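**Student:**
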Amino acid sequence: MYSSVCSGGLCGIKSYISSVEIDVSKSLPSFEMVGRLSNEVKEARERVKVALKNCGIEIPPVKITVNISPAHIHKSGTAYDLPIAVGVLNTLGLIPDTALENMIVLGELGLNGDLKAVNGVLPILTEAYGKGITCCVIPADNADEAAYVEGMNIIVADNMVSVMSILKSPNTMADHYLVRGQNLSADEKEPKDDFADIIGQEACIRAATVAVAGFHHMMMIGPPGAGKTMIAKRMATIMPEPDMAESLEVSSIYSVSGLLNRSRPYIRTRPFMAPHHTATVSSLTGGGINPRPGIMSLAHRGVLFLDEFPEFSRESIEALREPLESKSIQVVRAKTSFVFPADFMLVAAANPCPCGYYPDRNKCNCPEHSIARYRSRISGPIRDRIDIIASVSRLDAERVIREDGADRGRKKALSSEDIKTDVLKAIEIQKKRYKGTGIRYNSELSPSEIDKYCELGKEEKEYMKDIYDAMDLTARSYHKILKVARTIADLDGCSDIKVSHLSEAVCYRG
Amino acid sequence: MVNTENELIKRDILHITKEDEGYPMHLKELSGSPAELYYIGSLPDDNMPSVAIIGARNCSGYGRQMAREFAREIAAAGIQVISGMARGIDGMAQQAAVSVGGKSYAVLGCGVDICYPKENKELYVKLMDSGGIISEYPPGIPARAEHFPLRNRIISGLADALLVIEARERSGTLITANMALEQGREIYALPGRVTDSLSYGCNRLIYDGAYPAVRPYEFIDEFLSRYESKKGKITGVEDIDEKSRNSDKIAVFEAAKGNVYKFLSAGERKVLGVLDYTPKSVSEIFYELSEMEDIKIQELLQLLTKMTVKHLIDCVDGCNYSIKS
């Protein structure tokens with residue numbers, strides 16, 4: 001007796017469809033599993049045998065051979081428990097063949113037959129649906145994320161017994177399809193951060209606005225306790241909502257990492273990741289024997305906030321080079337390599353010197369050379385990728401107290417909503433301008449594209465010359481200033497870059 | 511290349527002992543004066559007045575600016591400027607003195623063939639011609655922490671008076687000032703805000719009886735009148751009072767400021783009014799300015815860049831602004 005059940009697996013964040021083949025033959029009783037399996041897959045043998053027994057199914061004394069193909073891909077994870085069990089039931093004639101047509105099965109088994117959630121359901125089902133598979137059986141705990149695969153008919157189950165009873169009669173299977181309801185519309189309503197909460201720091205908030213509008217990487221420099229983290233956290237609130245494709249991409253990464261659950265079955269907001277500066281390189285880039293996405297990938301399409309940037313290890317900082325350059329991370333292992341997407345906006349925060357108070361020499365007594373050494377921890381190539389550098393100033397206690405009271409309403413700070421409106425306009429302009437070029441944001445412009453899209457008039461060119469002479473700029477900073485000026489002009493709704501835009505852009509050169 | 515340079519410098523090194531003629535009288539009369547001195551260039555002229563200008567290495571913009579203005583006027587008035595060629599106040603004062611063609615002498619904590627700190631190389635070379643480099647350590651001896659308090663006694667010893675620009679509460683500068691008192695030198699100190707830790711030392715000195723140095727020409731008047739009552743009229747430097755008064759940079763600056771102000775826009779004038787010698791961040795400037803008028807942050811940023819381009823203000827560390835020094 002031969003049976004084949006469709007299932008799927010993960011390779012990095014990529015998923016593939018596999019088929020679980022089961023053969024039952026009359027021979028000495030045994031249970032063999034092949035197909036380049038890792039330990040947790042091989043252990044399915046015991047889980048399946050015991051679970052079936054505990055569900056009241058007696059396996060006759062036969063030789064059972066399981067092969068999971070494609071056999072050249074290394075399989076890992078526990079999602080193969082259920083397909084193996086279903087396959088065994090099929091060979092025993094307890095489930096008809098028609099029930100398994102166009103059906104993918106995923107799930108981990110407990111010894112009592114309970115089904116447990118597995119990672120990567122969302123990307124696997126998406127892949128399966130693309131290959132023409134229209135129905136799936138998954139553990140109930142994965143139902144919410146699976147519901148986001150539109151068109152897929154979903155059968156959820158808590159345990160082996162109910163799976164068996166549903167699949168027994170293919171004609172009534174459709175009655176058990178998951179009804180997508182309020183689950184989809186229920187949005188995570190968290191208390192939202194708002195830029196209006198921040199006292200002062202107008203210059204830095206403006207810099208953050210420009211950074212988001214052009215997806216420029218940004219670094220904030222300022223004394224401790226000035227509000228760098230507050231500002232960074234609020235940057236996600238002024239970013240455009242991710243579109244469907246982006247949401248799916250991000251949710252898939254989270255699904256693979258096992259970070260989706262009932263309370264958060266799908267990622268519909270821009271991620272904000274803030275790893276501590278003691279984070280290891282592989283936790284940032286992703287790694288492990290079966291590599292999993294790191295924090296940089298979890299920040300995909302969102303904000304990666306690195307507080308105390310110079311305190312990160314040199315290797316960690318240098319590991320940023322690849323994602324900043326190619327927007328993805330490659331993790332190479334002996335037999336294969338994995339590519340994790342990592343298109344994030346870097347927001348770094350740093351003190352101006354080891355004590356944090358430079359250039360206020362009345363507080364800072366750091367010698368020049370130690371300041372230089374502190375700053376050199378961020379290497380030139382990384383610094384070059386950061387288009388916007390903004391200063392955060394220390395707040396006078398007087399101002400905090402004064403603005404905390406009734407006086408606060410007098411001068412209303414810009415709210416996230418106001419800022420977001422401007423940002424969305426600027427992004428819309430960029431979309432139109434770069435239509436069909438593959439460019440999305442101003443920050444992605446290469447030098448030759450800068451010449452094309454950031455052309456300066458005569459007056460502006462003269463002005464840039466003056467700026468060069470007065471401020472001792474390097475050639476490198478020229479392109480940065482032009483890119484940022486382009487974004488400022490877009491925020492202004494202006495098709496040409498004007499002197500005023502350049503003037504402002506110069507302030508962010510750092 | 512470096513070797514030949516060093517060879518050349520070595521050839522220029524002169525040596526003098528306490529018994530020799532030409533050993534500075536100022537030092538000779540002190541207890542604990544160095545037995546021998548090595549120098550390049552010349553030694554300070556005993557018959558001319560001299561002032562030691564000293565201060566913090568990690569100084570503020572205010573200190574840097576004041577060191578420059580005082581040293582310029584003092585050197586232009588024909589007074590020798592003595593200091594330690596250190597980073598910050600010392601180096602700035604000596605640079606300013608040399609820049610107006612005055613005489614300045616650096617006392618080092620290492621051999622005179624070594625330029626310490628390295629970033630003052632330009633000044634080091636200039637001082638060979640317009641003054642001298644002096645040390646009690648033989649050539650080749652590297653700078654060591656324990657040398658500096660000892661070299662400080664020579665700085666104060668060589669001068670008739672000590673002018674302290676900026677000093678923290680526990681600092682080498684204050685130790686030098688105490689040493690100068692023991693040596694019987696007059697102490698002058700630049701007053702500062704009582705909340706500034708860099709002005710603590712100076713304010714303390716003034717409280718303890720040092721003369722406040724408020725304006726360069728007043729300082730020069732005051733200093734020379736004391737000097738003359740002790741040592742008689744200096745020859746060769748005539749009408750110092752008149753000359754220094756005319757060239758007093760602060761007065762000139764203020765007059766010029768009035769003129770420049772006419773050409774400034776209202777916004778620029780207001781920004782200048784808010785700025786200080788201590789660099790302020792954009793948000794601080796914005797806060798102070800927005801008390802007075804309705805301005806958008808991007809307008810302020812544009813204004814600040816334009817003013818920097820016009821050399822009206824200084825941009826410090828990329829994101830902070832101060833009055834042009």
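Line by line, the protein sequences give chains A and B.
Counting in this note's numbering, the first sequence runs from 1 upward without gaps.
Counting in this note's numbering, the second sequence runs from 511 upward without gaps.
All C-beta atoms in this analysis are idealised placements derived from N, C-alpha and C, irrespective of residue type, glycine included.
Keep in mind it's a predicted model, so treat the numbers as computed, not measured.
Report the start-end ranges of each alpha helix (DSSP H) in the region 642-705 of chain B that is 4 residues or longer and not cut off at the edges.
**Tutor:** 657-668 and 682-692
**Student:** Mind checking if A:E504 is an interface residue toward chain B, Cβ cutoff 8 Å exclusive?
**Tutor:** Here residue 504 of chain A corresponds to residue number 504 of the first sequence, with the count starting at 1. By this cut-off, A:E504 is an interface position.
**Student:** Distance cutoff 8 Å, beta carbons only. Does B:Y787 sit that close to anything in chain A?
**Tutor:** Here the question's residue 787 of chain B lines up with position 277 in the second sequence. With 8 Å as the cut-off, B:Y787 does not count as an interface residue toward chain A.
**Student:** By how many angstroms is the C-alpha of A:T336 removed from the C-alpha of A:D141?
**Tutor:** As a working mapping, residue 141 of chain A is identified with position 141 in the first sequence. As a working mapping, residue 336 of chain A is identified with position 336 in the first sequence. Distance between the alpha carbons of A:D141 and A:T336: 31 Å.
**Student:** How would you call B:C712, buried or exposed, if buried means at least 16 neighbouring beta carbons within 10 angstroms?
**Tutor:** Mapped onto the second sequence, residue 712 of chain B falls at position 202. The residue is buried, with at least 16 neighbouring Cβ atoms inside 10 Å.
**Student:** Return the chain-ordered list of same chain residues with a C-beta closer than 8 Å to the C-beta of A:P354, the five sequence neighbours on each side being excluded.
**Tutor:** Here residue 354 of chain A is taken as the residue at index 354 of the first sequence, counted from 1. The residues are C366, S370, I371 and Y374.
**Student:** Indicate the three-state DSSP secondary structure (helix, strand or coil) for B:N756 in the structure shown.
**Tutor:** Counting from one through the second sequence, the residue named residue 756 of chain B turns up at place 246. Note that B:N756 has pLDDT 49, beneath the 50 cutoff, so the model's placement of it is unreliable and the number below is only indicative. Of the three classes helix, strand and coil, the one that applies to B:N756 here is helix, per DSSP.
**Student:** Flag this pair as yes or no: are the beta carbons of A:E504 and B:Q812 separated by less than 8 Å?
**Tutor:** Reading the first sequence from its first residue, position 504 is the one you call residue 504 of chain A. Reading the second sequence from its first residue, position 302 is the one you call residue 812 of chain B. Yes, the Cβ-Cβ distance between A:E504 and B:Q812 is below 8 Å.
**Student:** Closer than 9 Å by beta-carbon distance: list the chain D residues that pair up with B:Q693, in chain order.
**Tutor:** Given the protein chain composition of this structure (A and B), no chain D is represented.
**Student:** Kindly list the residues whose CB is nearer than 8 Å to the CB of B:E546, restricted to its own chain and excluding five residues on each side of it in sequence; keep chain order.
**Tutor:** Within the second sequence, residue 546 of chain B is the residue found at index 36, counting from 1. Counting only Cβ-Cβ distances below 8 Å, and skipping sequence neighbours, we find H525, I526, T527, K528 and E646.
**Student:** Tell whether a beta-carbon distance below 8 Å holds between B:T683 and B:A566.
**Tutor:** Taking the second sequence and counting its residues from 1, one reaches residue 683 of chain B at position 173. Taking the second sequence and counting its residues from 1, one reaches residue 566 of chain B at position 56. Going by C-beta atoms, B:T683 is nearer than 8 Å to B:A566.
**Student:** Using the rule of at least 16 other Cβ atoms within 10 Å of the residue's Cβ for burial, across every protein chain shown, is A:V179 buried or exposed?
**Tutor:** The residue you call residue 179 of chain A lines up with position 179 of the first sequence. Flag for A:V179 reads exposed.
**Student:** What span of residues does the beta strand (DSSP E) with A:Q330 cover, start to end?
**Tutor:** Position 330 of the first sequence, counted from the first residue, corresponds to residue 330 of chain A. S328 to V332 is the span of the beta strand (DSSP E), which, as asked, contains A:Q330.
**Student:** If I measure Cβ to Cβ from B:R654 and keep anything under 8 Å in the same chain, skipping five residues before and after, which residues do I get?
**Tutor:** To locate residue 654 of chain B, count along the second sequence from 1; it is residue 144. Around B:R654: G619 and C620.
**Student:** Please list, in chain order, the residues of the region 192-203 of chain A that have any C-beta partner in chain B closer than 8 Å.
**Tutor:** G200, Q201, E202 and A203
**Student:** Would you mind telling me which residues of chain B sit closer than 7 Å to A:M471, beta carbon to beta carbon, in chain order?
**Tutor:** Counting from 1 along the first sequence, the entry for residue 471 of chain A is found at position 471. Ordered by position in chain B, the residues that pass the 7 Å Cβ test against A:M471 are T818 and C825.
**Student:** Evaluate A:D496 with the Cβ neighbour count: other Cβ atoms within 10 Å of its Cβ, from every protein chain shown; 16 or more gives buried, anything less gives exposed.
**Tutor:** Taking the first residue of the first sequence as position 1, residue 496 of chain A is located at position 496. Exposed: under 16 other Cβ atoms inside 10 Å.
**Student:** When DSSP labels each residue in this structure, what does B:V590 get in the three-state scheme?
**Tutor:** As a position in the second sequence, residue 590 of chain B is number 80, starting the count at 1. At residue 590 of chain B the sequence reads Gln, which differs from the Val that was named. Strand at B:Q590.
**Student:** Distance check for B:G667 and B:A562, CA to CA, integer angstroms please.
**Tutor:** Position 52 of the second sequence, counting from 1, holds the residue named residue 562 of chain B. Position 157 of the second sequence, counting from 1, holds the residue named residue 667 of chain B. Near 9 Å, if we compare the C-alpha coordinates of B:G667 and B:A562.
**Student:** Give, in chain order, every residue of the region 344-378 of chain A whose Cβ lies closer than 8 Å to some Cβ of chain B.
**Tutor:** P352, Y358, P359, D360, R361, N362, K363, C364, N365, C366, P367 and E368
**Student:** Look at B:S860 and B:L708 and say whether their C-beta atoms are less than 8 Å apart.
**Tutor:** With chain B covering only 511 through 835, there is no way to say anything about residue 860 of chain B.
**Student:** So A:R509 contacts chain B; which residues on that side make the cut at Cβ distance below 8 Å?
**Tutor:** Here the question's residue 509 of chain A lines up with position 509 in the first sequence. Ordered by position in chain B, the residues that pass the 8 Å Cβ test against A:R509 are G828.
**Student:** Does the Cβ of A:F195 have 16 or more other Cβ atoms within 10 Å, making it buried, or fewer, making it exposed?
**Tutor:** In the first sequence, counting from the first residue as 1, residue 195 of chain A sits at position 195. A:F195 is buried by the Cβ-count criterion.
**Student:** Which one of B:Q693, B:M558, B:M689 and B:F773 has the shortest CA to CA distance from B:L540?
**Tutor:** Counting from one through the second sequence, the residue named residue 540 of chain B turns up at place 30. Out of B:Q693, B:M558, B:M689 and B:F773, B:Q693 has the C-alpha closest to the C-alpha of B:L540.
**Student:** Assuming contact is defined by CB atoms lying nearer than 8 Å, are A:G35 and A:K63 in contact in what I supplied?
**Tutor:** Looking up residue 35 of chain A in the first sequence gives position 35. Looking up residue 63 of chain A in the first sequence gives position 63. Contact: no.
**Student:** Mind listing the chain B neighbours of A:D466? Cutoff is C-beta to C-beta under 7 Å, in chain order.
**Tutor:** The sequence position of residue 466 of chain A within the first sequence is 466, counting from 1. Under the 7 Å cutoff, chain B gives V819.
**Student:** Give the single residue among A:S328, A:I386, A:V212 and A:E315 whose Cα lies nearest to the Cα of A:M349.
**Tutor:** Within the first sequence, numbered from 1, the residue matching residue 349 of chain A stands at position 349. Just to set this straight, residue 349 of chain A is Ala in the shown sequence, not Met. The shortest C-alpha to C-alpha distance from A:A349 to any of A:S328, A:I386, A:V212 and A:E315 is the one to A:I386.
**Student:** Flag this pair as yes or no: are the beta carbons of A:C135 and A:A390 separated by less than 8 Å?
**Tutor:** Along the first sequence, read from residue 1 onward, the residue named residue 135 of chain A stands at position 135. Along the first sequence, read from residue 1 onward, the residue named residue 390 of chain A stands at position 390. Contact flag unset, no.
**Student:** For the beta strand (DSSP E) that A:V66 lies in, which residues bound it at each end?
**Tutor:** Working through the first sequence from its first residue, we reach residue 66 of chain A at position 66. Element bounds for A:V66: K63 to S69.
**Student:** Where does A:I124 sit, in a helix, a strand or coil, going by DSSP?
**Tutor:** Position 124 of the first sequence, counted from the start, is the residue given in the question as residue 124 of chain A. If DSSP states are grouped into helix, strand and coil, A:I124 belongs with the helices.
**Student:** Which residue wins for smallest C-alpha separation from A:K14, given the options A:V149, A:S297 and A:V256?
**Tutor:** Position 14 of the first sequence, counted from the start, is the residue given in the question as residue 14 of chain A. Out of A:V149, A:S297 and A:V256, A:V256 has the C-alpha closest to the C-alpha of A:K14.
**Student:** How would you list, in chain order, the residues of chain A whose beta-carbon sits under 8 Å from the beta-carbon of B:C620?
**Tutor:** Here residue 620 of chain B is taken as the residue at index 110 of the second sequence, counted from 1. Chain A residues near B:C620: none, gap ~17 Å exceeds 8 Å.
**Student:** Any beta-carbon of chain A closer than 8 Å to the one on B:A690?
**Tutor:** Here residue 690 of chain B refers to the residue found at position 180 when the second sequence is read from its first residue. Closer than 8 Å: no.
**Student:** Counting along the chain, where does the alpha helix (DSSP H) carrying A:H501 start and finish?
**Tutor:** Position 501 of the first sequence holds residue 501 of chain A. Note, A:H501: alpha helix (DSSP H), V499 to V506.
**Student:** Mapping the DSSP letters down to three states, classify A:Y129 as helix, strand or coil.
**Tutor:** Looking up residue 129 of chain A in the first sequence gives position 129. Three-state result, A:Y129: helix.
**Student:** Please check the pair A:I154 and A:A143, which I expect to be a contact at CB under 8 Å, by giving their CB distance rounded to whole angstroms.
**Tutor:** As a working mapping, residue 154 of chain A is identified with position 154 in the first sequence. As a working mapping, residue 143 of chain A is identified with position 143 in the first sequence. About 7 Å; that satisfies the 8 Å criterion.
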